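In mature numbering (1 follows the signal peptide of the UniProt record, and there is no 0), the protein residues as written are -18 to -1, 1 to 399.
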């Protein structure tokens, strides 16, 4: 069941569970009811949200479940975000438009796009309650958001706009993928690797049809990030969500971009270690109920140590196979196109406070990123883009500095520079 489902289904939950027995009762109830309701309302495609609202209303009318969750409301307020770390890099453009992706300066980027799931749609980025997880805060998405200035929130688009106000493609405000303000952010909640070929085609369609894009001349930065939902569904269908299938779909999407998009630098971010939710859930009874019912139960509540090791193994295999694909040179056959694996999520974990992970990096479901999480993810991606291949950071550095291009290395880093 996809990551956003639990946020939608549980948006009515305004109370914490009194003790562990109540948590188990709530988990059992949700686990029993949702397959029935999901089948009844058949949520899919563009009807996903409206169908989930129907499920929410039906569950909300359940006296049995209200009795189970009859407890003191739990505070779910997001921590205010202080101003981002100062950015002092010079992002000058090349004297003339480069013809090689391996001689591309950050300032040469004219257009930005993104593909992925709810983590790129920025579900819950500004949420202060479970209900807020319904909202796609695309303007704050780490790889493509452009709602506010860089001094207030770090995104890759904001970094590039710092000295290039003409950058195009960044998303603003909130809304679905079909909203005009999504622009070139084609990510959608609930998507998995098998959806990436379709997203690649939609992104190319938008690039070709938008009069603000000079399709043949503009340099395009595209970031693809997918895999969290695949890992979370792995326990339910190990064949469908195998590493073979994961990489097959990613390869198909990248092949399409390679064949159809001139002048492109493509970031592929490695999948996040979703087993982190196993520890995050301990800080919130709401998260324990949600994750125990739907939200990545595979990662949050493995049945035993063997299953936990299996989840860790599939995450590692996704990451390794992605590196193998990109390092094969498959996408370095044209000078004006390249793909680079960015590994900053591989070992990323939030800092700890009093021995527990700082949950302020996450939305109220303990899975999606809060604004703070988006901020740190963007900074980590930026630093990866500057760091040489083979010397890239594999984790966040909360509150750490931005890395800058230098006179010796003024270009975005690739396998060939």
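Beta carbons are placed, not taken as given, at the ideal position from N, Cα and C, and that holds for glycine.
Everything numeric in this text was worked out from a predicted model, so none of it was measured.
Alpha carbon to alpha carbon, what distance is there between residue j and residue i?
i           : j           : result
residue 374 : residue 324 : 8 Å
residue 313 : residue 336 : 46 Å
residue 150 : residue 357 : 20 Å
residue 359 : residue 96  : 14 Å
residue 250 : residue 209 : 11 Å
residue 383 : residue 68  : 8 Å
residue 234 : residue 137 : 27 Å
residue 287 : residue 212 : 20 Å
residue 341 : residue 196 : 42 Å
residue 100 : residue 119 : 10 Å
residue 343 : residue 228 : 27 Å
residue 170 : residue 334 : 31 Å
residue 163 : residue 103 : 12 Å
residue 84  : residue 247 : 9 Å
residue 376 : residue 302 : 13 Å
residue 231 : residue 311 : 18 Å
residue 294 : residue 206 : 22 Å
residue 245 : residue 177 : 24 Å
residue 237 : residue 86  : 21 Å
residue 168 : residue 348 : 24 Å
residue 380 : residue 140 : 18 Å
residue 398 : residue 318 : 12 Å
residue 191 : residue 285 : 49 Å
If you measure from the CB of residue i, is any heavy atom of the ligand ATP nearer than 7 Å?
i           : result
residue 399 : In the structure shown, the ligand ATP is absent, as is every other ligand, since no ligand is present at all.
Would you identify the three-state DSSP class for residue i, choosing helix, strand or coil?
i           : result
residue 32  : Its pLDDT being 44, under 50, residue 32 is placed unreliably by the model, and nothing is read from it.
residue 290 : helix
residue 229 : helix
residue 378 : coil
residue 58  : Here the model assigns residue 58 a pLDDT of 33, short of 50, so the residue's position is not dependable, and the following value carries that caveat. Residue state, collapsed to three classes: coil.
residue 202 : strand
residue 365 : helix
residue 399 : coil
residue 238 : helix
residue 251 : strand
residue -12 : Caution is warranted here: a pLDDT of 40 is assigned to residue -12, below 50, making its placement in the model unreliable, and no coordinate value can be reported.
residue 463 : Given a span of -18 to 399 for the chain in the structure shown, any question on residue 463 remains unanswerable.
residue 393 : coil
residue 218 : coil
residue 345 : coil
residue 338 : strand
residue 83  : helix
residue 360 : helix
residue 169 : coil
Residue i and residue j: beta carbons closer than 8 Å?
i           : j           : result
residue 88  : residue 307 : no
residue 400 : residue 144 : The question about residue 400 has no answer, for the chain in this structure spans -18 to 399.
residue 254 : residue 330 : yes
residue 365 : residue 385 : yes
residue 187 : residue 166 : no
residue 129 : residue 154 : yes
residue 400 : residue 289 : Nothing about residue 400 can be reported from this structure: the residues present for the chain run from -18 to 399 only.
residue 320 : residue 396 : yes
residue 378 : residue 390 : no
residue 204 : residue 257 : no
residue 115 : residue 346 : yes
residue 135 : residue 305 : no
residue 351 : residue 252 : no
residue 98  : residue 173 : yes
For this session: Just list the beta strand (DSSP E) runs in the region 301 to 336, keeping only unbroken ones of 3 residues or longer that don't cross its boundaries, in chain order.
Result: For the region 301 to 336, whole beta strand (DSSP E) runs of length 3 or above, ordered along the chain, are 319 to 324.
For this session: Enumerate, from N- to C-terminal direction, the unbroken beta strand (DSSP E) stretches of 3 or more residues contained entirely within the region 89 to 166.
Result: Along the region 89 to 166, the beta strand (DSSP E) occurs as fully enclosed runs of 3 or more residues at 91 to 98, listed in sequence order.
Exercise. Looking at C-beta atoms only, is the number of pairs between the region 77 to 93 and the region 196 to 208 that lie closer than 8 Å three or more?
Worked result: Remark: three or more beta-carbon pairs, one from each stretch, lie closer than 8 Å, so the region 77 to 93 and the region 196 to 208 are flagged as touching.
Exercise. Should the region 110 to 123 be called in touch with the region 366 to 383, which here means at least 3 C-beta pairs below 8 Å?
Worked result: Result no; under three Cβ-Cβ pairs closer than 8 Å.
For this session: Please confirm if the region 214 to 231 is in contact with the region 98 to 108, defined as three or more CB-CB distances below 8 Å between the two stretches.
Result: Contact fails: fewer than three Cβ-Cβ distances are below 8 Å.
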